[in-house]
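Colleague: Provided herewith is a single structure, encoded as structure tokens, for subsequent inquiry.
2 protein chains.
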Amino acid sequence: MRPAIPANTVERLSLYRRLLEAWLEKGTVSLYSHQIASMACVTPAQVRRDLMAIGYTGSPSRGYSVDALEESIALFLGSDQVRKIALVGMGNLGRALTTYFTSRVPRFKMAAAFDTDSRKTGRVIAGCMVYGIEEIPRIIPAEGIRTAVLALPVDSAQEMADRLVNAGIKGILNYAPVPLRLPADVFLENRDVTASLEKVAFFSGQPREGS
Amino acid sequence: MRPAIPANTVERLSLYRRLLEAWLEKGTVSLYSHQIASMACVTPAQVRRDLMAIGYTGSPSRGYSVDALEESIALFLGSDQVRKIALVGMGNLGRALTTYFTSRVPRFKMAAAFDTDSRKTGRVIAGCMVYGIEEIPRIIPAEGIRTAVLALPVDSAQEMADRLVNAGIKGILNYAPVPLRLPADVFLENRDVTASLEKVAFFSGQPREGS
DNA sequence: TGAGTGTTGTGAAATTGGTAACAGCGTTAC
DNA sequence: GTAACGCTGTTACCAATTTCACAACACTCA
């Protein structure tokens with residue numbers, strides 16, 4: 001069994017990379033792990049360990065070279081090339097996500113959106129062409145898309161996920177508030193908005209007695 | 212002092228409750244842990260462990276009573292009463308979240324929104340009054356709001372978080388793509404959209420070997 | 001009645017992820 | 001020159017979480 005990279009590490013690497021970009025613009029040449037850690041709100045040991053995971057090596061005297069490290073992380077994450085993303089559900093959330101990625105995160109290209117609503121299909125919304133659901137098996141392989149975002153109401157989420165997987169999707173970011181049953185080789189990340197808020201509300205402490 | 216509940220458990224309880232509501236409407240009287248587990252895509256042992264955490268006890272012969280369990284979870288999560296939420300940043304994402312909670316999750320009331328944009332302040336957007344940032348110290352305590360959602364661009368996130376904390380906020384759900392430095396007694400949940408997508412894109416990129 | 005079945009509740013083990021500690025090595029101070 | 005310092009890479013440790021496994025119990029069916 002190959003030592004896979006923990007998902008949390010990948011998430012932190014994404015963060016480090018963005019922080020490094022900011023330092024790069026300021027002209028900073030090198031940084032120590034404790035400086036990166038401070039920016040990312042994690043421990044220095046965590047940073048070194050994460051960087052060990054991608055095999056990047058700094059210098060004990062000068063720390064990490066900002067531009068070389070940024071490039072290493074980008075290469076590791078595949079951020080050096082644009083990734084095409086499919087979106088299913090061009091509702092309020094779908095539109096917000098599409099607008100955000102299109103304007104702020106150029107390495108993710110919302111290459112195709114899908115929706116059941118015939119008033120939306122066939123049009124370009126938030127800079128992204130919206131197709132009917134039945135186009136999934138045609139567009140996804142044709143565009144070579146492997147990653148999809150689900151921004152749907154409850155009811156159809158599982159069915160849409162199945163269709164995506166059948167079309168060759170290998171990773172799904174699910175914003176629908178339902179668990180999805182998927183083949184083991186498809187990576188699934190649930191970002192159930194209701195559950196997140198429920199959690200935060202719970203730990204914000206009950207206004208009434210908690211004992 | 213009650214033994215602290217893991218955050219993941221709280222999230223799953225939120226899910227169980229929603230699933231139970233659906234069964235309740237169908238008139239199902241009782242369920243076994245493996246049935247709940249199947250719906251929630253977790254293991255039966257996990258379900259039992261989670262229910263043990265809230266002290267709910269089923270019967271070995273009949274499993275769990277659907278309505279009693281639903282009520283127990285609701286009580287535990289505080290879902291029996293409406294929770295007021297503050298939103299900072301009435302952009303695309305903020306509007307989408309507000310619309311979603313207002314129409315779909317009545318237990319969370321978006322009680323106040325804040326934005327720097329003077330074209331938005333003083334108006335009701337997506338059913339929620341939008342105030343200027345300077346109103347935070349007045350509105351938050353007056354409304355007794357303890358939980359906030361941050362849906363902002365990078366730049367101002369930390370400053371807004373500080374203002375919220377000063378106003379008495381005890382939990383923040385952060386959608387801004389930056390880490391926040393907060394006092395330890397404030398619960399923080401990061402839902403960095405870019406990092407999520409980066410993670411999914413990464414793991415959908417290279418086929419992971421299962422064995 | 002009493003064996004058989006299937007479920008819960010829970011102690012214990014396994015696993016996962018994060019932290020602490022330390023050897024190795026340039027660099028610097030003197 | 002050399003001793004002290006501070007940082008990295010790495011290993012060993014620790015904490016949190018999930019899974020396993022099983023005793024205890026109710027119900028069924030002969």
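Protein chains in written order, with my numbering: chain U, 1 to 211; chain Y, 212 to 422.
By construction, the Cβ of each residue, glycine as well, lies at the ideal position given by its N, Cα and C atoms.
Taking 7 Å as the CB-CB cut-off, is residue 16(U) touching chain Y?
Modeller: Mapped onto the first sequence, residue 16(U) falls at position 16. Contact with chain Y is absent for residue 16(U), since none of that chain's Cβ atoms lies less than 7 Å from the residue's Cβ.
Colleague: Identify the contact partners of residue 108(U) in chain Y, using a Cβ-Cβ distance below 9 Å as the criterion.
Modeller: Along the first sequence, read from residue 1 onward, the residue named residue 108(U) stands at position 108. What residue 108(U) touches in chain Y: 405, 408, 409 and 412.
Colleague: Which residues bound the alpha helix (DSSP H) around residue 104(U)?
Modeller: The residue labelled residue 104(U) in the question sits at position 104 within the first sequence. Here the alpha helix (DSSP H) through residue 104(U) covers 92-104.
Colleague: Of all Cβ atoms in chain U, is any one closer than 7 Å to the Cβ of residue 248(Y)?
Modeller: Numbered from 1 along the second sequence, position 37 holds the residue referred to as residue 248(Y). It does not; no Cβ of chain U falls within 7 Å.
Colleague: Can you list, in chain order, the residues of its chain with a C-beta nearer than 7 Å to that of residue 67(U)? Leave out the 5 residues immediately preceding and following it.
Modeller: The sequence position of residue 67(U) within the first sequence is 67, counting from 1. These residues qualify, in order along the chain: 24.
Colleague: Tell me the DSSP secondary structure of residue 294(Y) in three-state form.
Modeller: Taking the second sequence and counting its residues from 1, the one referred to as residue 294(Y) is at position 83. The answer is strand: DSSP assigns residue 294(Y) an E or B state.
Colleague: Helix, strand or coil, according to DSSP, for residue 115(U) in the structure here?
Modeller: For the purposes of this step, residue 115(U) is identified with residue 115 of the first sequence, where counting begins at 1. It is a strand residue.
Colleague: Residue 26(U) by DSSP, collapsed to three states: which one?
Modeller: For the purposes of this step, residue 26(U) is taken as the residue at position 26 of the first sequence. Residue state, collapsed to three classes: helix.
Colleague: Does any CB atom of chain Y fall closer than 7 Å to the CB of residue 70(U)?
Modeller: Numbered from its first residue, the first sequence carries residue 70(U) at position 70. No, its Cβ sits nowhere closer than 7 Å to a Cβ of chain Y.
Colleague: Report all residues from its chain with a CB closer than 7 Å to the CB of residue 334(Y); omit the five preceding and five following residues, and keep chain order.
Modeller: As a first step, residue 334(Y) must be located in the second sequence, where it is residue number 123. The beta carbon of residue 334(Y) is closer than 7 Å to those of 341 in its chain, skipping five residues each way along the sequence.
Colleague: With residue 214(U) and residue 302(Y) assumed to form a contact (beta carbons below 8 Å), what rounded beta-carbon distance in angstroms separates them?
Modeller: Chain U is shown from 1 up to 211; residue 214(U) falls before or after that span and cannot be answered.
Colleague: Going by the CB atoms, is the gap between residue 241(Y) and residue 255(Y) shorter than 7 Å?
Modeller: Residue 255(Y) sits at position 44 when you count from the first residue of the second sequence. Residue 241(Y) sits at position 30 when you count from the first residue of the second sequence. Result no, Cβ atoms of residue 255(Y) and residue 241(Y) do not sit closer than 7 Å.
Colleague: In chain U, which residues lie less than 7 Å from residue 382(Y) when you measure between Cβ atoms?
Modeller: Taking the first residue of the second sequence as 1, we reach residue 382(Y) at position 171. Within 7 Å Cβ-Cβ: 200, 201, 203 and 204.
Colleague: Rounding to the nearest angstrom, what Cα-Cα distance links residue 36(U) and residue 368(Y) in this structure?
Modeller: Here the question's residue 36(U) lines up with position 36 in the first sequence. Here the question's residue 368(Y) lines up with position 157 in the second sequence. Distance between the alpha carbons of residue 36(U) and residue 368(Y) is about 19 Å.
Colleague: In the structure shown, what three-state DSSP assignment does residue 144(U) receive?
Modeller: Counting from 1 along the first sequence, the entry for residue 144(U) is found at position 144. Residue 144(U): coil per DSSP, three-state reduction.
Colleague: Hey, out of 61(U), 77(U), 64(U) and 4(U), whose CA is closest to residue 13(U)'s CA?
Modeller: If you number the first sequence from 1, residue 13(U) lands on position 13. Out of 61(U), 77(U), 64(U) and 4(U), 77(U) has the C-alpha closest to the C-alpha of residue 13(U).
Colleague: Considering only the beta carbon of each residue, do residue 347(Y) and residue 374(Y) sit closer than 7 Å?
Modeller: By one-based count along the second sequence, residue 347(Y) stands at place 136. By one-based count along the second sequence, residue 374(Y) stands at place 163. Yes; because the gap between Cβ atoms is below 7 Å, this pair is in contact.
Colleague: Give the single residue among 361(Y), 380(Y) and 399(Y) whose Cα lies nearest to the Cα of residue 350(Y).
Modeller: Your numbering for residue 350(Y) matches position 139 in the second sequence. For residue 350(Y), the nearest C-alpha among the options comes from 380(Y).
Colleague: Would residue 389(Y) and residue 365(Y) qualify as a contact pair, given that the criterion is a beta-carbon distance under 7 Å?
Modeller: Start at 1 with the first residue of the second sequence, and residue 389(Y) comes out as number 178. Start at 1 with the first residue of the second sequence, and residue 365(Y) comes out as number 154. Against a cut-off of 7 Å, the Cβ pair of residue 365(Y) and residue 389(Y) comes out as a contact.
Colleague: Would you mind working out which of 50(U), 87(U), 86(U) and 84(U) sits nearest residue 69(U), comparing C-alpha positions?
Modeller: Position 69 of the first sequence, counting from 1, holds the residue named residue 69(U). Comparing Cα positions, the closest option is 50(U).
Colleague: What does the Cβ neighbour count give for residue 199(U), buried or exposed, with the cut at 16 atoms within 10 Å?
Modeller: Taking the first residue of the first sequence as position 1, residue 199(U) is located at position 199. Result: buried.
Colleague: Strictly under 7 Å for the Cβ-Cβ distance: is residue 179(U) near chain Y by that measure?
Modeller: Against the first sequence, residue 179(U) aligns to sequence position 179. Output row for residue 179(U): interface = yes.
Colleague: Should residue 193(U) go down as buried or exposed, given a rule of 16 or more other Cβ atoms within 10 Å for buried?
Modeller: Here residue 193(U) refers to the residue found at position 193 when the first sequence is read from its first residue. Classification of residue 193(U): buried, given that the 10 Å Cβ count is 16 or more.
Colleague: I believe residue 107(U) touches residue 79(U) by the beta-carbon criterion, under 8 Å. Please report the beta-carbon distance rounded to the nearest angstrom.
Modeller: Position 107 of the first sequence, counted from the start, is the residue given in the question as residue 107(U). Position 79 of the first sequence, counted from the start, is the residue given in the question as residue 79(U). Sure, about 5 Å apart at Cβ, within 8 Å.
Colleague: Taking 7 Å as the CB-CB limit, is residue 92(U) close to chain Y?
Modeller: Sequence index remark: in the first sequence, residue 92(U) carries index 92 (1-based). Closer than 7 Å to some Cβ of chain Y, the Cβ of residue 92(U) qualifies, so yes.
Colleague: Sorted by chain position, which residues of the same chain lie with C-beta nearer than 6 Å to residue 172(Y)'s C-beta, five sequence neighbours on each side aside?
Modeller: Outside the shown range of chain Y, which is 212 to 422, sits residue 172(Y), and nothing can be said about it.
Colleague: Could you tell me if residue 115(U) is buried or exposed, where buried requires 16 or more neighbouring beta carbons within 10 angstroms of its beta carbon?
Modeller: On the first sequence, residue 115(U) is found 115 positions in, with the first residue counted as 1. Classification of residue 115(U): buried, given that the 10 Å Cβ count is 16 or more.
Colleague: If you measure from the beta carbon of residue 398(Y) to each beta carbon in chain U, is any gap under 7 Å?
Modeller: Counting from 1 along the second sequence, the entry for residue 398(Y) is found at position 187. Residue 398(Y) counts as touching chain U.
Colleague: How would you list, in chain order, the residues of chain U whose beta-carbon sits under 8 Å from the beta-carbon of residue 311(Y)?
Modeller: By 1-based counting over the second sequence, the position of residue 311(Y) is 100. In chain order: 92, 93 and 193.
Colleague: Can residue 504(Y) and residue 220(Y) be called in contact, C-beta distance under 7 Å?
Modeller: No statement about residue 504(Y) is possible, as the shown extent of chain Y runs from 212 to 422 and does not include it.
Colleague: Return the bridge partner residues of residue 377(Y) from the DSSP annotation.
Modeller: Walking along the second sequence from the start, residue 377(Y) turns up at place 166. Residue pairing by DSSP leaves residue 377(Y) without any beta bridge partner.
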